[in-house]
Amino acid sequence: MSDVKIIAATEHHLEAIMDLEHECFGNDAWLEETMRFELLADHTRYFVLLQNDRLLGYAGLSKISGSDQADVQTIAVSPELRGKGFGRKLMDRLLTEAKTLKASEIFLEVRADNSVAQNLYESLGFEHIDTRKRYYQPDNVDAWIMRARLSETNASEPIVLGIESSCDETGIGIVRGNTLLANVISSSMDLHARFGGVVPEIAARAHLEALQPTLTQALHDAKLSMQDIDAIAVTNGPGLSGALMVGVGAAKALAVASGKPIYAVNHLVGHVGVDVLEGELELPTIALLVSGGHTSLLLVRDLLDDVMLLGETIDDAAGEAFDKVARLLGLSYPGGPAIDK
Amino acid sequence: MSLILAIDTSSGTSVALVENGQLRAEHNVADTMKHAELIGAAIQDVLAQAFVHPSQIMGVVAGRGPAPFTGLRVGIAAATMFAAGCGIKLYGAVSLDAIALAALPTLEVSKNTPLLVTTDARRKEVYWALYSGIDQHGVPIRIDGPGVMKPAELEEYLLDRNVHPVTTELPVSAANLAFLAEAQLRSGTISEDVSALYLRAADAVEPKARIGKAVSG
Ligand SMILES: [Zn+2]
Chain B
1 MSDVKIIAAT EHHLEAIMDL EHECFGNDAW LEETMRFELL ADHTRYFVLL
51 QNDRLLGYAG LSKISGSDQA DVQTIAVSPE LRGKGFGRKL MDRLLTEAKT
101 LKASEIFLEV RADNSVAQNL YESLGFEHID TRKRYYQPDN VDAWIMRARL
151 SETNASEPIV LGIESSCDET GIGIVRGNTL LANVISSSMD LHARFGGVVP
201 EIAARAHLEA LQPTLTQALH DAKLSMQDID AIAVTNGPGL SGALMVGVGA
251 AKALAVASGK PIYAVNHLVG HVGVDVLEGE LELPTIALLV SGGHTSLLLV
301 RDLLDDVMLL GETIDDAAGE AFDKVARLLG LSYPGGPAID K
Chain W
342 MSLILAIDTS SGTSVALVEN GQLRAEHNVA DTMKHAELIG AAIQDVLAQA
392 FVHPSQIMGV VAGRGPAPFT GLRVGIAAAT MFAAGCGIKL YGAVSLDAIA
442 LAALPTLEVS KNTPLLVTTD ARRKEVYWAL YSGIDQHGVP IRIDGPGVMK
492 PAELEEYLLD RNVHPVTTEL PVSAANLAFL AEAQLRSGTI SEDVSALYLR
542 AADAVEPKAR IGKAVSG
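Read top to bottom, the protein sequences are chains B and W.
Numbering-wise (the numbering used here), the first sequence opens with residue 1 and increments by one.
Numbering-wise (the numbering used here), the second sequence opens with residue 342 and increments by one.
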């Protein structure tokens with residue numbers, strides 16, 4: 001193993017990479033243009049493994065800035081050199097790079113029938129978290145999604161799953177600390193359109209039907225399973241009571257099933273909480289909420305335990321007023337956008 | 342077969358855990374207004390009573406009603422999320438069938454003298470269904486319903502068909518819902534449909550008003 005080195009890939013390596021790509025992946029090989037794009041893109045890092053200047057392997061990862069997740073894009077080692085630890089060397093390099101880029105976890109896909117590669121990844125700290133059915137065609141082979149956690153400090157920030165069902169949208173979000181991992185919203189707005197406003201019973205019915213698919217999608221987007229969730233949060237008001245009950249019942253059962261603590265949240269505070277994800281929130285502050293269901297002024301001294309409702313509109317919220325005017329004028333629902341036109 | 346968790350909020354809040362025909366634990370609260378407040382503690386209580394960890398449960402069955410709206414959804418939502426949280430099977434069953442399952446063994450019934458199960462649908466109406474007996478797996482044989490009618494309408498409906506049913510006063514319980522699910526698993530008729538049986542459209546009126554009043558015509 002003399003003179004083996006791993007260095008950052010450049011366009012100069014493209015031709016040798018493509019030769020190995022065809023040798024390793026046959027019909028599934030990427031096009032040269034795809035590979036060139038991958039090598040040169042800002043969000044990717046590619047490395048080549050050279051022995052006496054001969055290219056024996058390469059590997060790449062991608063990490064979008066702002067995200068804390070990295071993905072292994074590809075890895076290849078010359079067939080005659082397999083089982084000699086070159087694959088591990090390349091993977092080690094990718095893991096180091098992912099940590100340098102401040103990723104807290106790294107994902108990869110591997111054929112379900114490739115146990116040699118799976119064993120390597122497991123020995124590097126990856127675990128099998130999900131399966132994509134018949135992902136590899138035409139062979140009809142499943143893909144394993146594997147994940148490794150990279151840094152203890154990031155991983156120790158709590159992962160919270162929130163359920164919101166106070167009005168006509170079923171929302172399930174997942175955050176790690178102040179990082180948004182998933183935000184899936186299923187809206188029943190179209191069902192209310194012909195009535196010119198949110199009909200509580202229709203909203204509540206729609207919540208029940210949306211729950212399970214919304215949860216599945218949120219976990220999928222966050223690349224997490226329920227075991228990864230540290231706590232559950234749920235809107236307990238204000239809102240439509242029938243709609244709230246669906247979310248609260250769902251959240252409680254989810255908490256018991258997964259053995260996680262549950263926290264009730266006043267959703268007005270949730271509105272202010274959005275700013276925490278967007279950037280730093282300077283406290284104390286006064287928040288003006290103008291939404292479909294309420295128009296309120298909040299004095300926020302501490303997001304967790306000191307939020308005061310200074311005042312709100314006596315009868316209708318701004319959104320409801322727009323809807324009512326639109327209804328009188330014979331415009332469509334929701335009223336705000338229709339009146340703007 | 343093994344542990345089944347049953348949740349029914351078509352009337353009060355009822356949660357039960359059964360295993361191979363044996364009731365392991367149940368939690369029943371008759372209050373018809375507090376489903377969302379009670380459901381979490383009720384599930385926790387049956388697990389604690391039976392010393393069962395959620396991961397030991399094979400499947401969850403939700404009572405689909407029929408029931409008047411609001412409370413019904415809490416149980417179905419809870420069952421759905423419990424199953425999702427544990428990664429286990431989710432089933433749905435008609436709550437009236439669970440009442441029939443409990444009532445039928447002590448009754449003489451036939452096609453013309455079936456069991457009539459009714460529950461309160463509010464607004465001076467009842468939910469109802471008719472059962473002619475129990476099949477060899479223990480599943481009640483529903484021959485009509487579920488439907489919703491005013492009591493007088495239902496009486497007329499049955500008379501028209503020359504049906505003179507026997508009735509029962511038994512309430513729905515999650516324990517019987519779980520036994521029903523076991524019977525349906527044996528007979529292969531278990532359903533994964535957990536949609537709520539409202540049997541009535543949502544209360545909502547489409548606006549007819551346009552601006553201004555008609556002043557002539
Ligand atoms: Zn709001």
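Ideal placement from N, C-alpha and C gives every residue a C-beta, glycine not left out.
Notebook entry, point to check: Do you know how far the Cα of aspartate 71 of chain B is from the Cα of glutamine 51 of chain B?
Noted result: Straight-line Cα distance between these residues: approximately 26 Å.
Margin query: Quick check: is the beta carbon of valine 160 of chain B nearer than 8 Å to any beta carbon in chain W?
Written below: Cβ-Cβ to chain W under 8 Å: no for valine 160 of chain B.
Check: Measuring CA to CA, which of W:Pro407, W:Val513 and W:Thr411 is closest to valine 467 of chain W?
Finding: The residue with the shortest Cα to Cα distance from valine 467 of chain W is W:Pro407.
Notebook entry, point to check: Residues in the segment 235 to 260 of chain B with C-beta within 8 Å of chain W's C-beta atoms, listed in sequence order?
Noted result: The segment 235 to 260 of chain B vs chain W, Cβ under 8 Å: Ser241, Gly242, Leu244, Met245, Val246, Gly247, Val248, Gly249, Ala250, Ala251, Lys252, Ala253, Leu254, Ala255, Val256, Ala257, Ser258 and Gly259.
Notebook entry, point to check: Rounded C-beta distance between histidine 192 of chain B and tyrosine 46 of chain B? I'm assuming under 8 Å.
Noted result: The C-beta separation of histidine 192 of chain B from tyrosine 46 of chain B comes to about 50 Å, leaving the pair out of contact by the 8 Å criterion.
Check: Any idea what DSSP makes of alanine 155 of chain B, helix, strand or coil?
Finding: Any reading at alanine 155 of chain B is ruled out, since the residue's pLDDT is 48, under 50, leaving its predicted position unreliable.
Check: Looking only at its own chain, which residues have a Cβ that is under 8 Å from the Cβ of alanine 218 of chain B, when we skip the five neighbours before and after it?
Finding: Cβ within range, chain order: Leu161, Ile172, Gly173, Ile174, Ala182, Asn183 and Val184.
Margin query: Tell me the rounded alpha-carbon separation between leucine 511 of chain W and leucine 448 of chain W.
Written below: Cα atoms of leucine 511 of chain W and leucine 448 of chain W: separation of roughly 13 Å, rounded to the nearest angstrom.
Check: Considering only residues of the same chain and omitting the five flanking positions on each side of glutamate 21 of chain B, which have a CB-CB separation below 7 Å?
Finding: Ala29, Trp30, Met35 and Ala76, listed in sequence order.
Next item on the list: Use the C-beta contact count for methionine 1 of chain B: other C-beta atoms within 10 angstroms, 16 or more gives buried, fewer gives exposed.
Entry: Per-residue confidence for methionine 1 of chain B stands at a pLDDT of 49, beneath the threshold of 50, marking its modelled position as unreliable; the derived number appears in the next sentence. When all chains shown are included, methionine 1 of chain B counts as exposed.
Next item on the list: Output, in sequence order along the chain, the residues in the segment 531 to 544 of chain W whose CB is closer than 7 Å to any CB in chain B.
Entry: Residues of the segment 531 to 544 of chain W with a C-beta atom less than 7 Å from some C-beta of chain B are Ala537, Ala543 and Asp544, listed in chain order.
Next item on the list: May I ask whether a heavy atom of ligand 1 can be found less than 7 Å away from the beta carbon of histidine 192 of chain B?
Entry: At a cut-off of 7 Å, the beta-carbon of histidine 192 of chain B does not count as near ligand 1: no heavy atom of the ligand is closer than that.
Notebook entry, point to check: The beta strand (DSSP E) with leucine 304 of chain B in it runs from where to where?
Noted result: Neither: leucine 304 of chain B is in no beta strand (DSSP E) and is coded neither H nor E.
Check: arginine 483 of chain W: which of W:Ala403, W:Lys491, W:Val458 and W:Asn503 sits nearest, CA to CA?
Finding: Taking arginine 483 of chain W as reference, the option from W:Ala403, W:Lys491, W:Val458 and W:Asn503 with the minimal CA-CA separation is W:Val458.
Checklist line | glycine 311 of chain B beta carbon near ligand 1 (any heavy atom closer than 7 Å) | finding: Checking every heavy atom of ligand 1 against the Cβ of glycine 311 of chain B, none is found closer than 7 Å.
Notebook entry, point to check: Mapping DSSP to helix, strand and coil, what is histidine 478 of chain W?
Noted result: If DSSP states are grouped into helix, strand and coil, histidine 478 of chain W belongs with coil.
Next item on the list: May I ask which residues mark the beginning and end of the beta strand (DSSP E) holding glutamine 51 of chain B?
Entry: 44 to 51 is the span of the beta strand (DSSP E), which, as asked, contains glutamine 51 of chain B.
Next item on the list: Measuring alpha carbon to alpha carbon, tell me which of B:Val276, B:Ile314 and B:Ala253 ends up nearest valine 401 of chain W.
Entry: Minimum Cα distance to valine 401 of chain W is reached at B:Ala253.
Item checked: Where aspartate 323 of chain B falls, given that 16 or more other Cβ within 10 Å makes a residue buried -> Residue burial is scored here from C-beta neighbours: aspartate 323 of chain B has at least 16 other C-beta atoms within 10 angstroms and is therefore classed as buried.
Check: With distances taken from each beta carbon to the nearest heavy atom of ligand 1, which residues come in below 6 Å, in chain order?
Finding: Working through the chain, the matches are B:His267, B:His271, B:Ser291, B:Gly293 and B:His294.
Item checked: Continuous beta strand (DSSP E) assignments of at least 3 residues falling wholly in the segment 394 to 462 of chain W -> List check, beta strand (DSSP E) in window: 400 to 404, 430 to 434 and 456 to 461.
Notebook entry, point to check: Would you say isoleucine 145 of chain B reaches chain W, if we count a Cβ-Cβ gap shorter than 8 Å as a contact?
Noted result: Judged by the 8 Å Cβ criterion, isoleucine 145 of chain B is not in contact with chain W.
Next item on the list: For aspartate 438 of chain W, I'd like the list of residues in its chain whose CB is within less than 7 Å of its CB, leaving aside the five on either flank, ordered along the chain.
Entry: So the list reads Pro481, Arg483 and Leu521, once near-sequence residues are dropped.
Next item on the list: Count the other CB atoms, across all protein chains shown, that sit within 10 Å of the CB of isoleucine 64 of chain B; report buried if there are 16 or more and exposed otherwise.
Entry: Result: exposed.
Notebook entry, point to check: Is glutamate 201 of chain B close to chain W, meaning its C-beta is less than 8 Å from at least one C-beta of that chain?
Noted result: With its beta carbon less than 8 Å from one in chain W, glutamate 201 of chain B belongs to the interface.
Check: Beta-carbon of alanine 264 of chain B versus every beta-carbon of chain W: anything under 8 Å?
Finding: No, no contact with chain W.
Margin query: For leucine 329 of chain B, report the span of its alpha helix (DSSP H) as first-last.
Written below: 318 to 329 is the span of the alpha helix (DSSP H), which, as asked, contains leucine 329 of chain B.
Notebook entry, point to check: If we count the other Cβ atoms within 10 Å of its Cβ and call it buried at 16 or more, is leucine 379 of chain W buried or exposed?
Noted result: Buried, since its Cβ has 16 or more Cβ neighbours within 10 Å.
Checklist line | Rounded distance between the beta-carbons of leucine 268 of chain B and leucine 283 of chain B, thought under 8 Å | finding: About 16 Å separates the two Cβ atoms, so there is no contact after all.
Checklist line | Boundaries of the beta strand (DSSP E) in which glycine 242 of chain B is found, first to last residue | finding: First-last for glycine 242 of chain B: 241 to 258, but that is the alpha helix (DSSP H), not the beta strand (DSSP E).
Notebook entry, point to check: If we count the other Cβ atoms within 10 Å of its Cβ and call it buried at 16 or more, is serine 123 of chain B buried or exposed?
Noted result: It counts as exposed.
Notebook entry, point to check: Does the separation of the CB atoms of threonine 235 of chain B and glycine 270 of chain B fall below 8 Å?
Noted result: Between threonine 235 of chain B and glycine 270 of chain B, the C-beta gap is smaller than 8 Å, which places the two residues in contact.
Notebook entry, point to check: Hey, is glutamine 212 of chain B's beta-carbon within less than 8 Å of any beta-carbon in chain W?
Noted result: Yes, contact with chain W.
Check: Taking Cβ-Cβ distances shorter than 7 Å, what residues in chain W pair up with leucine 208 of chain B?
Finding: The answer, in chain order, is Arg414, Ile417, Ala418 and Ala537.
Next item on the list: Assuming alanine 98 of chain B contacts glycine 125 of chain B (C-beta within less than 8 Å), just tell me the rounded distance between them.
Entry: That belief does not hold up - the Cβ atoms of alanine 98 of chain B and glycine 125 of chain B are roughly 12 Å apart, past 8 Å.
Notebook entry, point to check: DSSP three-state call for histidine 128 of chain B: helix, strand or coil?
Noted result: Correct three-state label for histidine 128 of chain B: strand.
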